[in-house]
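Read the structure below first, then the notes.
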Amino acid sequence: MSAERERVSLKDVTETPLAAPLNVGFDYTRSTGPVLGRFVTALRERRIEGIRGSDGRVHVPPVEYDPVTAEQLDEFVPVSEEGTVVSWSWCPEPLDGQPLSRPFAWALVKLDGSDTAMLHAVDAGSPENIHSGQRVRVRWAEEVVGHIRDIAYFLPVGAEDTTPTEPAPPVADREEGAPISVVITPVHLKYMHSASPEESTYLRGLAEGKMIGQRCPACGKVYIPPRGACPTDGVPTTEEVELPDTGIVTTFCIVNVPFLGQRLKPPYVAAYILLDGADIAFLHLVLGCAAEDVKMGMRVRAAWKPRDQWWTSLENISHFEPTGEPDAAYETFAHHL
Amino acid sequence: MPDVAIAGFAKAPNVRETEGTTNGVEMLVPIFAEVFAQTGLSKKDIGFWCSGSSDYLAGRAFSFIAAVDAIGAFPPIHESHVEMDAAWALYEAWLKIKMGEVETALVYGFGKSSAGQLRRVLALQLDPYVVTPLWPDSVSIAGIQARSGLEAGLWSEKDLAEVAARGTGKDVAELLDTPYYADPLRRHDIAPITDGAAVIVLSTVERAREIVERPAVITGIEHRVDSPVLGARDLTRSPSTEAAGKALDLDGVDLAELHAPFTHQELILRTALGLGDGVKINPSGGALAANPMFSAGLARIGEAAVRIHSGESRKAVAHATSGPALQQNLVTVLEAR
Amino acid sequence: MTKQLTAVLGTGQTHHRAKRQDVSMPGLLREAIDRAMTDAQVEWADIDAVVLGKAPDLFEGVMMPELFLADSLGATGKPLLRVHTAGSVGGSTALVAASLIQSGVHRRVLTVAYEKQSESNAMWGLSILPPFQMPVGAGAGGYFAPHVRSYIRRSGAPEHIGAIVAAKDRRNGALNPYAHLQQPDITVESVRASQMLWDPIRYDETCPSSDGACAMVLGDEAAGDAVEGGAAWIHATAMRTEPTTFAGRDQVNPRAGREAAAALWAEAGITDPMSEVDVAEIYVPFSWFEPMWLENLGFAPEGEGWKVTEKGETAIGGRLPCNPSGGVLSSNPIGASGMLRFSEAAKQVMGRAGDYQVDGARRALGHAYGGGSQYFSMWLVGSEKPS
């Protein structure tokens, strides 16, 4: 069985797979509902409100639904901006977006008047300056907008702090005087995305102006782009097959709508291109003729960008354009639809 | 209702960083081959497939779809997916066999934590309105939980070091001599970032007897969840684990595989399940040796199962966790029958 | 077959809108859950487990939202699962919930599916491209439009068929107080005059982007027997998957859908679906999917689904009303849409469909698909217990 493992390992690859950053982010617009809306509206006024649960406990931050009975709660209770550290841990290397960029303590803080603790940061300076049972108070943000970050962090009671606080998060439009009912919470994450070894071979081929597909050893079909595993057989495609940059349009649509992230001006054709010798089509653009002249079966060839713009991507092909040859007969590509 | 047994288990090498992709195909293809060779089954013998994974490890929506390529899902298969540790996918598969819909199932989990910044990503599991916007990281939250127990006298730093030392040949005093990483946690208290995957084959007990001499029969499987409000619950206990354990017969358990990514959490779980000194804990090394997100829980079940197969254990308990500070827990009892 | 009999005890859903800015995510879910529990006449103590379904976490930017939602779902202290099978998730979630009862593990299960996609932007969420890819940038409509073109070519369907479906589903939606789009005056002509978005799909033939949730309470035989007016009994369930793309894949009439339907009819003892099924709630986000799914599901021979639509058979009052609720074309909270189909089928056989009730509906199909038409989940429910 170990022999089988080696055959599908990455040892056969002479170059490491390609990798590139993938940043995913959005400033999420969250409607708060009535309970958290009231909480953040109070924060903007530098007040803190909790809510009483079915067992009499005051929850801070307030909870919309009771943890014991699941019923909706509505009895608000003002609480102090001072409280006690229940427990803590030290954060020596703060991460992006955390309340402080210098080392600080994460803590559960029970504000006076509350029966539950809230999770937040304490700017203690060093782990020697914080302990469970310590009294702390809110350090309000200089610009309060109606957001949990209006509480910039906590400070030991009696500690001075004139360090400027972080800028406020983005704020949703609202009518003058209306309660705050929306908070904006940016979520931006960084990833390193790797292409599979098979895809990397194909991408490196593109960087040299070549279309490299791969044949599945089990079913014999030629895939472009190649896959980490043939989708019908579950084994990597291995045998390289260089393909021409000509083929046909199997099917297509005419994109007429402008939308987020789009670069071309509509109308333009998004089409499935079946290269000569490939057994699967891929999505690309067809330009160089009127959109209404594109036909299922139309013969096309790649229009490459200038060589100095090439990199490891199918983007090296700007679009496909008609060759002027007769359309392929429907029967020859019907099984690809 | 037929009884269900585990007939096979395989796991990908646990590595700090796989060169494979975030869709897991490179990690899955070899272990599917391995488990089929182990059991003598092939993909056409599998009645139901179920996986566990998370888009947020990949930074892509629908990332689990590409993993299906590893199966060779044509002709079409009966398949489902949970966006949770694959231990819960095993639960879904257990239901399918119990209700008589299928006789065999293959469950898999995978994750490439190294692609992103895991401890930051996990902040997204918290309340999106008033907690996530502070970006509390998973290590800091665990540290708060650990300190709660230290200060209540439930465990000592030495107890934690003993958990870390077990099975590694390391010296407890030397471990205690290392500096804090995130006070009160030292590096040895924290599971490593691991990329990995795991697969389990389930079947009716009758079918399992054709596959392996001593099937690991699932004589009970339960899971529960606790409140997400960290400041409103006693973090030194795991009520959901206790509740799951109470619904099971744990008498005579001789071996336990516990999914504890932090040393103090192993102590919480042992107490929650009432595991005495006679029980062998984490002979596989547990999550502290390797913690491939979304397959680590499934792997605990697999590691317990193979020790039933080998005769090392007659009755084992395996556990999986999800969410911050042991919020959700699954417990299963496996027996040689 | 040792499957335990399982029934739908009650259903609930939200008022679906482009942006439900009046509620938080828990509030959105509870609107549907509270209605379902009232409809089912159950209390929290009656619920043994909760099964949550939704589409990609990235839409709302919350990882594994069942965790932060546990208290609001009444799930704290109970078993809680979260299913994700792309757009079919609302359906597969219902199937997982049913399996908890069919396996004899639980007696009553709450299941809920939702999407609050206005917190980000669904088009953005569906268009995130990993590195090295070619941005063709056509969105979900742009993904499906070429396959619609293939259907039209294969079947020889006339070009107005899509407009017939759109007008019908939107008018039906106007009978449904919960539907997002309320368009009682829409006509085939006005649809055909609307802007072409991804030729051949027009603006009025395209689903909206909605915030919404759907919930159901499922129960065992004893619980089903106690339902006033009669429960909806689950006669059959099926789900199938195939890869999104592979050499020679039939994108128009996917085999996974055909095989799921065949398994469903076999389990239900149905040999002539068109005659034996009274109403179908099928997942039609772009109008042309109605004739395509009629064929895929076996209601019409291949190539002839459009004739069923053209004859008016899929209108309320026709031989096989499809989407009397207004369907996905009227409301599309992505994670919930599949469960809406399943629950609307249940409402029909329970006689609880109000102004869009199909008279005498005794057997109804709920259907969902997801991904690149590769995930299919479906159920058949009936007003009587299966024989």
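Protein chains in written order, with this note's numbering: chain V, 784 to 1120; chain R, 4 to 340; chain X, 46 to 432.
No residue lacks a Cβ here, since even glycine has one placed at the ideal position from N, Cα and C.
- Taking the Cβ atoms as the reference, R:Pro136 lies roughly 19 angstroms from X:Asp116, outside the contact range of under 8 angstroms.
- If you compare the alpha carbons of X:Thr138, X:Val322, X:Pro175, X:Ala208 with that of V:Leu805, the shortest gap goes to X:Pro175.
- By the neighbour-count criterion, in which a residue is buried when 16 or more other Cβ atoms sit within 10 angstroms of its Cβ, X:Trp333 is buried.
- In the DSSP assignment, R:Tyr59 falls within the unbroken alpha helix (DSSP H) covering 58–61.
- Judged by DSSP in its simplified three-state form, X:Ser388 adopts helix.
- Residue contact with chain X for R:Lys161: absent (no Cβ-Cβ distance below 9 angstroms to any residue of chain X).
- The beta-carbon of R:Gly305 is placed no less than 9 angstroms from the nearest beta-carbon of chain V.
- Assignment of R:Pro295 by DSSP, reduced to helix, strand and coil, places it in the strand class.
- At a cut-off of 9 angstroms between beta carbons, V:Val862 makes no contact with chain R.
- Shortest Cα-Cα distance from R:Ala36 to any of V:Gln1092, V:Pro1019, V:His1119, V:Ile1037 involves V:Pro1019.
- Following the DSSP letters along the chain, one finds R:Glu37 in no beta strand (DSSP E) but inside the alpha helix (DSSP H) bounded by residues 28–42.
- Between the alpha carbons of R:Pro16 and R:Glu22 lies a gap of roughly 12 angstroms.
- R:Ala92 is positioned such that its CB atom lies no closer than 9 angstroms to that of R:Asn26.
- By the criterion of at least three beta-carbon pairs nearer than 8 angstroms, the stretch 1086–1106 of chain V is not in contact with the stretch 182–198 of chain R.
- When rounded, the separation of the alpha-carbon atoms in R:Gln268 and R:Leu337 is 22 angstroms.
- In this structure, R:Thr24 is the residue among R:Asn285, R:Thr24, R:Ile100, R:Ala90 with its C-alpha nearest to the C-alpha of R:Ala73.
- With a cut-off of 8 angstroms on Cβ pairs, the stretch 90–101 of chain X is not in contact with the stretch 827–846 of chain V, counting fewer than three such pairs.
- One alpha carbon belongs to X:Pro330, the other to X:Met319, and they sit about 22 angstroms apart.
- Separation of X:Ala267 and V:Asp956 (C-alpha to C-alpha, rounded to the nearest whole angstrom) is 52 angstroms.
- According to DSSP, R:Arg189 shares a beta bridge with R:Tyr183.
- Rounded to whole angstroms, R:Ala275 and R:Thr181 show a C-alpha spacing of 29 angstroms.
- The beta carbon of V:Trp923 sits no closer than 9 angstroms to any beta carbon of chain R.
- For R:His226, the enclosing beta strand (DSSP E) stretches over residues 219–228.
- Per DSSP, R:Arg210 is one residue of the alpha helix (DSSP H) stretching across 208–214.
- Across the stretch 939–961 of chain V, no CB contact with chain X closer than 7 angstroms is found for any residue.
- Assignment of alpha helix (DSSP H) within the stretch 330–393 of chain X, counting only whole runs of 4 or more residues, yields 334–341, 350–355, 372–375 in chain order.
- X:Ser172 has its alpha-carbon roughly 6 angstroms from the corresponding atom of X:Gly184.
- Boundaries of the alpha helix (DSSP H) around R:Ile68: 66–70.
- Taking 3 residues as the shortest admissible run, the stretch 933–1011 of chain V contains the following complete beta strand (DSSP E) segments, listed from N- to C-terminal end: 934–939, 965–977, 994–998.
- In the three-state scheme derived from DSSP, where H, G and I count as helix and E and B as strand, R:His322 is classed as strand.
- Put simply, the backbone Cα of R:Gly170 is about 18 angstroms away from that of R:Ala302.
- Distance from the CA of V:Val1038 to the CA of X:Tyr420, rounded to the nearest whole angstrom, comes to 26 angstroms.
- Contact of R:Thr25 with chain V is assigned, a C-beta pair being separated by under 9 angstroms.
- Taken atom to atom, the span from the alpha-carbon of V:Gln855 to that of R:Pro5 is near 42 angstroms.
- If you check each beta-carbon in the stretch 155–179 of chain X against every beta-carbon of chain V, the ones closer than 9 angstroms belong to Lys161, Ser163, Glu164, Ser165, Asn166, Met168, Trp169, Gly170, Ser172, Ile173, Leu174, Pro175, Pro176, Phe177, Gln178, Met179.
- Contact check for R:Ala89 against R:Gly300 passes: the beta carbons are separated by less than 9 angstroms.
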